[in-house]
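First up is the structure itself, then whatever we jot down about it.
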Amino acid sequence: MFSQDFYRSVGASELLPPSVIDAELAPLGLNEYQITKVINANQNIINHTREAFIDQARKDPEIGGSRFETTIKHAKVAYDKYASPALQEVLQGTGLSSHPEVIRMFANLGKAVSEDTGIPAQVLTSGAGADLNDEATQLNVLYGNN
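Residue numbers (my numbering): 7 to 152.
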């Protein structure tokens, strides 16, 4: 309905395909300039919401305050590893990547995958002469004497 240049200029994508622009905005009788203003206003609202989410996360008693930078580091580990490019596009395009609960979820996941405790040194050294190739010793090291 509109020109390809127009669709590109308003950031048409998988999240905002031309068909949605046509179906939702064309019936309003707006010209390309007016539609651009509406889309820009919507983006400004998303940006404001994103900033509000970040402020909420910074003030959150569990993930914010002095923990915020560490929280973001943990969240980034999981986000980079597990969020597909399509999910990243959705989260970033909607502003939800900054929502405190999304940050919390990715931070918890990042912490969990970063916590590789391995076998404590005292377990390895406490059984001097223990055969670590022995299956019973391996099970004891992993699960204790249960």
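Note that CB positions come from ideal geometry on N, CA and C, so glycine has one too.
Here the structure is a predicted model, which means the values were calculated and not measured.
CB-CB length for residue i against residue j, believed under 8 Å
i              : j                : result
isoleucine 109 : isoleucine 69    : 6 Å
glutamate 38   : phenylalanine 12 : 5 Å
alanine 113    : alanine 81       : 4 Å
leucine 21     : valine 96        : 7 Å
alanine 18     : proline 24       : 5 Å
valine 119     : lysine 87        : 7 Å
DSSP state of residue i mapped onto helix, strand, coil
i              : result
methionine 111 : helix
aspartate 66   : coil
histidine 54   : helix
alanine 18     : coil
proline 23     : coil
asparagine 9   : A small correction: the amino acid at residue 9 is serine; asparagine does not occupy that position in the sequence shown. Residue state, collapsed to three classes: coil.
alanine 89     : coil
asparagine 37  : coil
glycine 71     : helix
glycine 101    : coil
Close Cβ partners of residue i (< 7 Å) along its chain, the five nearest in sequence each way excluded
i                : result
arginine 5       : Residue 5 lies beyond the stretch modelled for the chain, which goes from 7 to 152, so this question has no answer here.
phenylalanine 59 : Gly101, Ser104, His105, Pro106
With 16 other Cβ atoms within 10 Å as the buried cut-off, status of residue i
i            : result
threonine 76 : exposed
glycine 116  : buried
alanine 92   : exposed
alanine 84   : buried
valine 16    : buried
alanine 63   : buried
Own chain residues within Cβ distance below 8 Å of residue i, not counting five before or after
i            : result
leucine 36   : Val44
aspartate 28 : Met7, Phe8
Neighbourhood of residue i by C-beta distance below 6 Å, restricted to the same chain and skipping five residues each side
i             : result
asparagine 48 : none
arginine 14   : none
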